[in-house]
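Report on one structure; see the data block that follows.
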Ligand code: NDP
């Protein structure tokens, strides 16, 4: 029988862990024996999620560098050095390129790319000191291919995969791996908002909008947050030590 608690003694910090994919990742980390800290901007929602999951919570905005330094230090004080970092917090907004103004571009780049950069800088010294670490970036299929009306999101997620690859090579001589998972459309608030947006802009029904989103997925369905969480957790297992710099699609065969 395998070890039922392969992540015992590890402290996993999951950004955006209060809902959606992040909450599923936090639940999976806890199930494998890690202690977990979830982060997000909304203290009330975060506390409620932490109580229901059975973990700690620290409110911080991933675009706020000083708040991240303080928040990571507080999390480490409470539960020990952060040896697993899941950069999951993200936003997705679609717009035709001509309507992608600098505000939208900056919002997405700062949250989905610079946020992961800042959080990784805050966590990495502790991992190197502990002599073990896992960084998993939640990118997207939009990090691996182009999508219409998603220039800012695609740029941010392609950037996140570039960061993953560069850091994996830079850290290859250390016991720290850096990988990305790339979900296809997944059943969370982001997809609910996307469907509402398509309905409002095109007059399609919600069912037609959903069919459009899953059309490129050979399995013709949305991904479940738990399926993304399983892939993230697998990358954090002790036996995954030689897997680094990878961008693993969790997308029903949409990309291969
Ligand atoms: P949700 O909208 O359900 O959750 C997003 C999470 O990110 C929330 O917990 C939110 O917390 C947090 N967040 C957003 N902005 C910030 C910020 N500035 N600072 C701190 N936390 C922030 O989305 P998903 O669960 O669907 O998305 C999670 C990740 O998965 C994202 O990176 C997304 O790009 C990626 N992804 C999602 C797909 C999908 O179809 N759902 C497909 C591919 C990738 P709060 O609002 O409380 O601050």
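In the numbering used here, the protein residues as written are 4 to 259.
Don't be surprised by glycine CBs; every beta carbon is placed ideally from N, CA and C.
Predicted model, so just to flag it, every value in this text is computed and none were measured.
Exercise for the section: Indicate, with yes or no, if the ligand NDP has a heavy atom lying under 8 angstroms from the CB of residue 201. Expected result: Because no heavy atom of the ligand NDP lies under 8 angstroms away, the Cβ of residue 201 does not count as near it: no.
Problem - Separation of residue 31 from residue 227, as counted between CA atoms - result: Near 13 angstroms, if we compare the C-alpha coordinates of residue 31 and residue 227.
Handout entry: Between the CA atoms of residue 231 and residue 224 - distance to the nearest angstrom
Key = Their backbone Cα atoms lie some 14 angstroms apart in a straight line.
Exercise for the section: Kindly indicate which residue of 163, 50, 108 has the alpha-carbon position closest to the one of residue 21. Expected result: In terms of Cα proximity to residue 21, the closest of 163, 50, 108 is 50.
Practice task
Could you tell me the distance, in whole angstroms, from the CA atom of residue 102 to the CA atom of residue 141?
Solution key: The straight-line gap separating the alpha-carbon atoms of residue 102 and residue 141 is approximately 26 angstroms.
Problem - C-alpha gap between residue 129 and residue 137, whole angstroms - result: Cα to Cα, residue 129 sits roughly 11 angstroms from residue 137.
Exercise for the section: Using the Cα positions of residue 201 and residue 10, report the straight-line distance between them to the nearest angstrom. Expected result: Residue 201 and residue 10 have their C-alpha atoms some 41 angstroms from each other.
Problem - Those residues which DSSP pairs with residue 87 across a bridge - result: BP columns for residue 87 point to 15, 137.
Practice task
Using three-state DSSP, classify residue 69 as helix, strand or coil.
Solution key: Assigned with DSSP and collapsed to three states, residue 69 falls in helix.
Practice task
Please say whether residue 157 and residue 165 have beta carbons closer to each other than 9 angstroms?
Solution key: Note that the C-beta distance between residue 165 and residue 157 is not below 9 angstroms.
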